[in-house]
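Enquirer:
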Amino acid sequence: MEINSIDKPNTKKTFGDYLKILIYKLGGTMEIAMIIFFWLLIFNNTASFEGFSREEIITYILVGGIIGLFGGYMLSKIIIHGISHESIELLIKDPYQYFLKIFKRSLDKMFIPFVSAVFLQVILLYFLVENIIINLNLFYWVVILIMIFLSLISEFLMFYLFRILFITNIESKDIYHIIVRLKNIFAGRYFPLSMLGFVFLNISLSLPFAYSFFVPTQLYLREIDIMVGVGGLFIQLIWIFIFYWAIRFFWQNRNKKEEKKKWQPEFKEFQNN
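Residue numbers (the working numbering): 13 to 285.
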């Protein structure tokens, strides 16, 4: 059987469809705005907090928000609605072909909302930050872009793995939102991870989440050494390897159990005859 179910029928999108997607994606920008508002309240009565000035925090949140959009703007719709038996089989048999299909479909659907969300966050950055930091170092950008790409791959695999493990027990949207909130904490989306101390920071750096927000943002702002970023790429590759082989193991194990259940009634019928 050909595995093509990942491709949906071509249907003409209406203006309403694009509007729904736009509102959905701008929800991430609104979340960023709420985080900034929270920090502005904190800095209302103090010049610094845990060693950070108001401008440093706002710059961190907004620059990180833009980087986060590049790393994750395609994820949620595809993860919740696009997982099927065939798509997981395709992922296991031909990961390269799978990701080509998923990226093409995502770019077609999400390009305009993505550009709009980036534009809004750049506007916020312009009005809220007096001295905008511009990093033009090519080496930093190469590391940041590779890191963003690897974080996208690792998050895809992580969500697929959780879907396989919890599909029969928890609604996919519920588990998705739980994972997203936990991921955002360990990614440093709400505050710099260094605020929580050395131990928490090191735990976060050993997990894949920090490389979707905290580390690339700090690299852009030159708050951490470039070699920390290079080391992070290897950590990401290790997690991608772990997630991929875990998906293979659990999916094949699940298929074996289903095959066993399928043959049990036929075997009993054969014994009775």
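Where a beta carbon is used, it is the ideal one built from N, C-alpha and C, also for glycine.
(1) Helix or strand or just coil, what does DSSP make of Phe-61?
(2) State buried or exposed for Gly-209, treating a residue as buried only when at least 16 other CB atoms are found within 10 Å of its CB.
(3) What distance in whole Å lies between the Cβ atoms of Ile-156 and Tyr-232, which are believed to be in contact at a cut-off of 8 angstroms?
(4) As a quick exercise: from Ile-135, Leu-219, Leu-194 and Gln-230, pick the residue whose alpha carbon is nearest that of Pro-204.
(5) Does the pairing of the region 58 to 73 with the region 190 to 198 give three or more beta-carbon distances under 8 angstroms?
(6) Quick check on the DSSP output: the alpha helix (DSSP H) that includes Ser-218 runs from which residue to which?
(7) Look at the alpha carbon of Ile-35 and the alpha carbon of Lys-268, and state the distance between them as a whole number of angstroms.
(8) Can you tell me whether Thr-58 is buried or exposed, with buried defined as 16 or more other CB within 10 angstroms of its CB?
(9) Is it buried or exposed for Pro-21, if we count other Cβ within 10 angstroms and need 16 for buried?
(10) Would you say Ala-199 and Ser-224 are within 7 angstroms of each other, going by their C-beta atoms?
(11) What is the DSSP secondary structure of Pro-204, reduced to helix, strand or coil?
(12) Return the residue from the list Leu-74, Trp-153 and Ile-165 that minimises the CA-CA distance to Tyr-108.
(13) What residue does the alpha helix (DSSP H) around Tyr-232 start on, and which one ends it?
(14) Taking 7 angstroms as the threshold (C-beta atoms), are Pro-220 and Trp-251 in contact?
(15) Please go through the same chain and pick out, in chain order, the residues whose beta-carbon is closer than 7 angstroms to the beta-carbon of Ile-70, but skip the five residues on each side of it.
(16) Would the beta-carbon of Ile-78 fall within 7 angstroms of that of Val-130?
(17) Hey, would you say Leu-137 sits closer than 7 angstroms to Leu-217, going by beta carbons?
(18) With distances taken from CA atoms, which of Tyr-72, Pro-228 and Gly-243 is nearest Asn-143?
(19) At the level of alpha carbons, what is the spacing between Leu-112 and Ile-215?
(20) Run through DSSP, which three-state label would Asn-196 get?
(21) Report the three-state DSSP secondary structure of Val-141 (helix, strand or coil).
(22) How long is the line joining the alpha carbons of Phe-255 and Gly-241, rounded to whole angstroms?
(23) Tell whether a beta-carbon distance below 7 angstroms holds between Gln-248 and Leu-169.
(24) Note down the Cα distance separating Gly-80 from Phe-123, rounded to an integer number of angstroms.
(25) Counting C-beta neighbours from all protein chains within 10 Å, is the total for Arg-234 16 or more, i.e. buried, or is it exposed?
(26) So, with DSSP's three-state summary, where would you put Ile-146?
(27) For Leu-213 and Phe-115, I'd like the C-alpha separation in whole angstroms.
Expert: Reading it off the structure:
(1) In the structure shown, Phe-61 sits in a strand (DSSP, three-state: E or B).
(2) That one is exposed.
(3) Contact between Tyr-232 and Ile-156 holds: CB atoms are separated by about 6 angstroms, below the 8 angstroms threshold.
(4) Nearest neighbour of Pro-204 by Cα position, chosen from Ile-135, Leu-219, Leu-194 and Gln-230, turns out to be Gln-230.
(5) The region 58 to 73 is not in contact with the region 190 to 198.
(6) Under the DSSP assignment, Ser-218 falls in the alpha helix (DSSP H) whose first and last residues are 210 to 218.
(7) Legend: pLDDT at Ile-35 = 49, less than 50; position of this residue unreliable, no value from coordinates given.
(8) Residue environment: Thr-58 is assigned as exposed (fewer than 16 neighbouring CB atoms within 10 Å of its CB, all protein chains considered).
(9) No answer about Pro-21 holds up, because its pLDDT of 45 lies below 50 and its placement is not dependable.
(10) Against a cut-off of 7 angstroms, the Cβ pair of Ser-224 and Ala-199 comes out as a contact.
(11) In this structure, DSSP gives Pro-204 a state outside helix and strand, which the three-state scheme calls coil.
(12) When only C-alpha atoms are compared, the closest one is Ile-165.
(13) Tyr-232: member of the alpha helix (DSSP H) spanning 226 to 232, first to last residue.
(14) Yes, the pair counts as a contact, with Cβ atoms nearer than the cut-off.
(15) Contacts found: Ile-48, Trp-51, Leu-140 and Val-141.
(16) Yes. Within cutoff.
(17) Result no, Cβ atoms of Leu-137 and Leu-217 do not sit closer than 7 angstroms.
(18) Looking at the Cα atoms, Tyr-72 is the closest of the given residues.
(19) Spanning the two alpha carbons is a distance of roughly 32 angstroms.
(20) Here Asn-196 sits in helix by DSSP.
(21) Reduced to three states, the DSSP call for Val-141 is coil.
(22) Rounded to whole angstroms, Phe-255 to Gly-241 spans 21 angstroms at the Cα level.
(23) In this structure, the beta-carbon distance from Gln-248 to Leu-169 does not fall below 7 angstroms.
(24) A direct Cα-to-Cα measurement between Gly-80 and Phe-123 gives close to 15 angstroms.
(25) Arg-234 is classed as exposed because its beta carbon has fewer than 16 other beta carbons within 10 Å across all chains shown.
(26) Correct three-state label for Ile-146: coil.
(27) Rounded to the nearest angstrom, the two C-alpha atoms are 32 angstroms apart.
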